[in-house]
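Counted the way the working numbering counts, the sequence shown spans residues 930 to 1041.
Glycine included, every Cβ here is placed at the ideal spot set by N, Cα and C.
Everything on this sheet refers to the single structure shown next.
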Amino acid sequence: MELFLKSLWETPWWVYEPATVTALGLAYRCFNLIEGLFWVGFAALVAKRWWHARQSWLEVAYALAFFVFGLTDFREAYVQSAPLVLAKGIVLALLWWLRRTILQRYYPNAWF
């Protein structure tokens, strides 16, 4: 069991290999690259909102969390592993908490 857990944690689940990539692997890679662009775009929108409204420094953290989540997708386009999935989960939980906190405190009438 210990060997299995060590292997699960240290061995990548998927690696992009240009010479042997399948159509599904190429689609997975492209999806992650495009998704990463969207998350970085969300980071830019949140940063712009903060720049104009300057409600809270939490919005800066929110923008950075979006940016980091985008970076994890760029990484996932090349390799997927347990540490990466764990990191994505942590950043996603942080995004959820920041969104909830910011909307409740500073934008209570927001419909989104």
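- In the three-state reduction of the DSSP assignment, valine 997 falls in the helix class, which pools H, G and I.
- Between phenylalanine 998 and valine 1020, the beta carbon gap of about 5 Å places them in contact (Cβ cut-off 8 Å).
- Here leucine 1027 is buried. Its C-beta has 16 or more other C-beta atoms within 10 Å.
- As a beta-bridge residue in DSSP terms, valine 1008 pairs with Val944.
- Around the beta-carbon of asparagine 1038, fewer than 16 other beta-carbon atoms lie within 10 Å, marking it exposed.
- By the criterion of a C-beta distance shorter than 7 Å, glutamine 1009 is surrounded in its chain by Pro941, Trp942, Trp943, once the five residues flanking it on both sides are discounted.
- Taking each of His981, Glu988, Ile963 in turn and checking the Cα distance to arginine 1034, the smallest one comes out for Glu988.
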